[in-house]
Structure formats: C-alpha cells, structure tokens
Amino acid sequence: MADINDGEKSTAPTTTANMSSKKKELLTSALKRTSECDVSVRVGEVSFSLHKFPLVSKCGYIRKLVSESTDDEISVIELPDVPGGAEAFELAAKFCYGINFEISTENIAMLRCVSEYLLMTEEYAIGNLVGRTDAYLNEVALKSLAGAVSVLHTAESFLPIAEKVKLVSRCIDAIAYMTCKDSQFCLSGRSDSGNESLSSSAVYQTKPIVDWWAEDLTVLRIDTFQRALIAMMARGFKQYALGPILMLYAQKSLRGLETFGKGRKKIEPRQEHEKRVVLETIVSLLPREKNTMSVSFLSMLLRAAKNLETTVACQLDLEKRMGLQLAQAVLDDLLIPSYSFTGDTLLDVDTVQRIMMNYLECHMDRNHLSFNADDEYASPPLSDLERVGKLMENYLAEIATDRNLSVSKFIGIAELIPEQSRITEDGMYRAVDIYLKAHPGLSDMEKKKVCSVMDCQKLSREACAHAAQNDRLPVQTVVQVLYYEQQRLRDVMDGSLIGGESSVLPSKGNNLYSTDIHHHVPDELSILRRQNEELKMELLKLKMKLKEIETSTMKATTSSPMGNISISSDKPPLPRKSFINSVSKRLGKLSPFGVTPQNPKARAKPAKDRRHSIS
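Spelled out as structure tokens, the structure:
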C-alpha cells in the first residue's frame, strides 16, 4: 500500500500536510456542506458539494466544463459514467484537496481509470494522479504475479477505459513474463525450438504438475483468461502444460451443470450463454498433443457440451480427442446421457459410435504409416486394440438393457468392434444374450441378425455350454455352436492320438482354445469324452425338438382350410429345404455319434408290390 499526500496547500480549510484522523473526518464532512462550497458535482445519484479551485487545478475534464460553460457562476456539474462511480470520484476529490488515502492492488485499477476520465495528467499539474498511479503499477502492483492478477481481475470491471489506458495489456504481459520466467514448461529461447518435439513427447511419461499460480488465474473472465494464456504461449510456454490450468478453470466455471443425469438442469438463459462461451473457449485452447488431457475430463466436457448445446464443431472436436485416447477410457467415460426428449435411448449411442469410428480411423492411419514410413515408427500395440474391444463389449452389454435400443443401432455398434481385438466371443455373446433377454418381442429374423454379430467358433467352452441350453437364441445359432464345439473337441482328441502323450499340436483354427489343453491331454481325455457325450445328448434332444416342430406343422397344415386336398397316407410330404436341414444332413454325414444313419430313401418309399396290391 502507498499513501497519497500531495504536499501542496489548497483552499480547503484546516488542511495540512500531516493530518490527524480526527481532522480527516472533519474535512470529509466539510466537503459535503453546501454552505461553504461553490459547486455541486453529481456522480450518478450522489451529489458532492466542493470548491471549484482545487478541482479545476488538477482535473482537466472539469476545467474544460467550467471554461466552456456560458454561465459564469456554474454551480452544478454533471459527471455521467464515471469509472468506479461515486467511490472513485471521492478518492479523486481527496487527491485534489491533498488528503491522504491508501493505494492498494484492490483500488489501483479504479484510480487509474478515473484519473484518465477526469484528465488528471501532468499537463494540468505536476505529480498528478495519472503519474502517481502509473508509478505504483510499475514499482509495486506489477512486480508480483498475485498483484498483477488482482489488478487485472479488478480492471475487468472498468472496460473499455481500462483497455484505453493499456492497463489490461500491461497486466497480461506481466503475468506472461512472470509465469514463464521460472517455469519448467517454458522454452528458454529460439534455440530450444528444435527440441520441442522431444519435450512434447515427454508428456506421455511425465505429466505437468499444476503450478501454485494456476489457481489465481481462475478468477479471471474467460476472454481475459484466454488472452493471458495466448501471451504465455507467445513467450514460449509449452501448450501441453496448459492442460492442468484449463482443467482448474473448467471445473470452477462449469460448476453446477448436470453432466451425469438424464435431462437438463434449468439455469438462467444469460448464465447458460456465459457457460457456453466458456466451454467453447476452453475447447479451443486444449493442447493438440496426445495424452495431455485425461479421457474422463474430455468426457466431462463433452457431456457439458451436449447439455449446453454448443456448436457442432466443438462437440466433434471433443469426440475426436476421445477417439484418439479411447484405449485409456473406462466404461463410465462412455456412458454419456442423451439430452434429447424424443423418447429415444437413455444413453447417447450415436456419439459413442462416432468416437469409435474416430479411433478406427486413427488406427488405420497408423497402420498405413507403419508400412510406408521409417522403421522407427511403430503401430500401436495389440493390447490397445484388445483393451478397446473389451471396453466396447462392456458398453454394448450396458446399453443392451435399454428397451428403446433398436436392432440396427445394436448391430452398428457391434460391427465397429475389430475382430482382431476379440480373442474370444464371450463378451459379445454376453451382450447378445442381454439384448435378447431385454427385447423378448423380437422376430426370428431380428434374432438372427443380432446373433450374426458374434463368431460361434471363438466361444469358450463355458460360453458354448451356456449357449447350448439358452432358449433365447435362435435354433440355427445353437446348432452352429454345437457343431463347432464338437468339431473342436474332435480335432483336439485327434491331435492327442497322433502326437502321443507328450504333446499335442493343435490345428491353426483351434489354437485359441486348445493352448491350455495339450499340456495335460492324458489327464483331460476323460473330461473331453464326457463333455462330448453331453453334447451328443444335447444334439439328439435338439433333433427331437425339430421333429416335433415338423409334426406340429404338418398337423396345422392338415387342419387348415387348404387341408381338403388329398394327401396320400403312405407318402409323407417333402421336407422344406432350410438351413436346419442342411446342417442336419452335414451332421449326419459326419456321423459324430458313431451311429449309422438310416437311408431316407428306403424309409420314404414303400414296397411297390404292396402299394399296387389288389388284395
């Protein structure tokens, strides 16, 4: 703080260089007494009774008003739009009367603006208020980061005159200089630009730590905050290190938004507009380097963008960023609520679909570069693909319970999951089973489409055992599961007999399942035989069910109005050609149960001599 004391004698009574507090109070009250003053200054709704001479001697604006007035004895002066209002003018009037008062970082911006408005420059008096405030800014306020931020925050209330006197730009330059002076995330000079790529890649291993001053910047208005960050980057501050600062600002400014529940939380239109501008500005400032922002933070921003209905470009930018880092996401990051009130799904499935497409495009581009670029470039490891595949399977199982989820949307999400990312189809089978359970009214054709997204050959033994007894699955899918499981077990057993007890070499198509079997084949042969017998029984039961269905179909056809057509009792109807019949014929040819199938022709054609017998 600093004390203002002009040191000059003025016409105010009982005014000296060193006043006691009691005399100050007496003088302040004297300023308001109209009986001893010759002019009344109105600032808004407040009226000040003062003397012309001390005001005219230091205020160029008031001097011009008095000199240009046609009335020689002007008694009322109107001062509209004074920066800081009556409080600021009272301090300026005290300065004109030579009364001491304290200058601090809280009122320096107000004093600098009101002194500019009243034209209290060196042209009208030496050591005027403009010079005093500039000296305090240069020597005290802008010497510390906290002081510069405080002055800048206060100056936001005095725009545009604060911009006119370059108070805002001076504070921003001081902030940028002090933050970059000792920061580890600032380039020292132009010579370090060659190592920028190396330093930016180091963010993947060591993420920037939030500096102590980051919390101070969150009090600024969004436009001022943006200018401060741009000035910092112009001085060499690395962009990826802005991530923690942006996170702090977003968490503070977007507080109160409903980003996890269904529907929008009602807020005032003006406040909603302000938050929308804040969010769009933060997204535009996000670092372009990968892995600088957590996926959970990006998901929070995307939820807020959906809630506030930001621009499409803003939402697509966040979706693309999430797609680039999808391998780091968890299931909660993808559970974005749908804010549309059209009776659609509870979760925003279309947004997640676009995020997954962005990930696949990035993965394809990397694979393309890995074949055409230098050997130093490596494609992302397979573990990332497996992690994303597992994540999307869990997401598919999560949204499968939604009764409003259509078959086309379910299949659209499922088809985006790369096959190479799925070691087994257990996760996909779980999602399909949940969807069929939550949608019991699906037709057979729709069930077939849903089940077509999984590969029955890649189901584990536990999943196959469950699918064989699952009544919700279509019959064709159950037949496929039983067929592939039996073929896999036969291949394993054949391999064990050929390779002996020491080792078994599974075929290429079955190595995903038999890796843990061939180590102890002699010990597990009995288990495999037992499971094979169980599968045989299940297949026999399935064939029995098929025969019952065919029999009931024949009876329904006979009892129908078209049943008056004569059908020979000794000539059964021709079976319909379907996928079930074709699979059954293939299974019969393979003779998996060791039973020789009967000749259908011999069973279908009776003896000619009996058919045409007269007796």
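My numbering runs 17 ahead of the 1-based position in the sequence shown. We put the CB at the ideal spot given by N, CA and C, even for glycine. Quick caveat, the model's predicted, so the values are computed rather than measured.
Among residues of its own chain, excluding the 5 on either side of residue i, which ones have a beta-carbon nearer than 7 Å to its beta-carbon?
i: Val220; result: Any answer about Val220 is weak, because its pLDDT of 42 lies below 50 and its placement is not dependable; what the coordinates show is given next. Around Val220: Tyr257, Glu306, Asn308 and Thr309.
i: Leu302; result: Gln243, Leu246, Leu259 and Leu263
i: Cys468; result: Val449, Leu490, Pro491 and Thr494
i: Glu95; result: Arg59
i: Lys279; result: Because the pLDDT of Lys279 is 49, which lies under 50, any placement of that residue in the model is unreliable, and the number read from its coordinates should be weighed accordingly. Only Pro354 and Leu363 meet the Cβ criterion.
i: Glu410; result: Ile434, Gly444, Met445 and Ala448
i: Ile178; result: Pro100, Cys130, Glu133 and Tyr134
i: Val300; result: Leu318, Cys331, Asp334 and Leu335
i: Leu82; result: Ile94
i: Asp461; result: Pro491
Here's the rule I'm using: 16 or more other beta-carbon atoms within 10 Å means buried, otherwise exposed. How should residue i be labelled?
i: Ser161; result: exposed
i: Met445; result: buried
i: Ser357; result: exposed
i: Glu139; result: exposed
i: Ala321; result: buried
i: Pro286; result: exposed
i: Asp349; result: exposed
i: Arg338; result: buried
i: Ala485; result: buried
i: Asp419; result: buried
i: Thr328; result: exposed
i: Glu502; result: buried
i: His170; result: buried
i: Lys255; result: buried
i: Thr122; result: buried
i: Val347; result: exposed
i: Lys564; result: exposed
i: Met381; result: exposed
According to the Cβ coordinates, are residue i and residue j closer than 8 Å?
i: Ile440; j: Glu403; result: yes
i: Asp365; j: Lys323; result: yes
i: Asp443; j: Leu476; result: yes
i: Ala105; j: Val131; result: yes
i: Leu453; j: Leu499; result: no
i: Ala103; j: Ala172; result: no
i: Ile416; j: Thr368; result: no
i: Leu146; j: Ala109; result: yes
i: Cys197; j: Arg252; result: yes
i: Ile372; j: Glu336; result: yes
i: Thr235; j: Val185; result: no
i: Gln345; j: Val312; result: yes
i: Leu315; j: Ala267; result: no
i: Glu432; j: Val470; result: yes
i: Ser57; j: Ser92; result: yes
i: Gly75; j: Asp55; result: Residue identity check: residue 75 is Lys in the sequence provided, not Gly. Not in contact: Lys75 and Asp55 (Cβ atoms no closer than 8 Å).
i: Ala193; j: Ala231; result: no
i: Tyr412; j: Leu351; result: yes
i: Lys465; j: Ile428; result: no
i: Ile451; j: Ala482; result: no
I'd like to confirm the pairing. Which residues does DSSP put opposite residue i in its beta bridges?
i: Leu348; result: Looking at the DSSP assignment, Leu348 forms no beta bridge with any residue, so it has no partner.
i: Glu95; result: Arg59
i: Leu67; result: Val56
i: Leu15; result: With the chain running from 18 to 632 in the structure shown, residue 15 is simply not present.
To which residues of the same chain is residue i closer than 6 Å at the C-beta, ignoring the five residues directly before and after it?
i: Tyr376; result: Gly340 and Leu343
i: Val295; result: Ile239 and Ser270
i: Tyr78; result: Leu135 and Leu136
i: Cys379; result: Leu341
i: Ser216; result: Caution is warranted here: a pLDDT of 41 is assigned to Ser216, below 50, making its placement in the model unreliable, and no coordinate value can be reported.
i: Lys111; result: Phe118
i: Val166; result: Asp233
i: Ser586; result: The pLDDT assigned to Ser586 is 41, lower than 50, so where the model puts this residue is not dependable; a value taken from the coordinates is nonetheless given after this. There are no such residues.
i: Glu297; result: Thr327 and Cys331
i: Leu265; result: Ala231 and Thr235
i: Glu463; result: Val424
i: Met374; result: none
i: Cys188; result: Ala165, Val168 and Leu169
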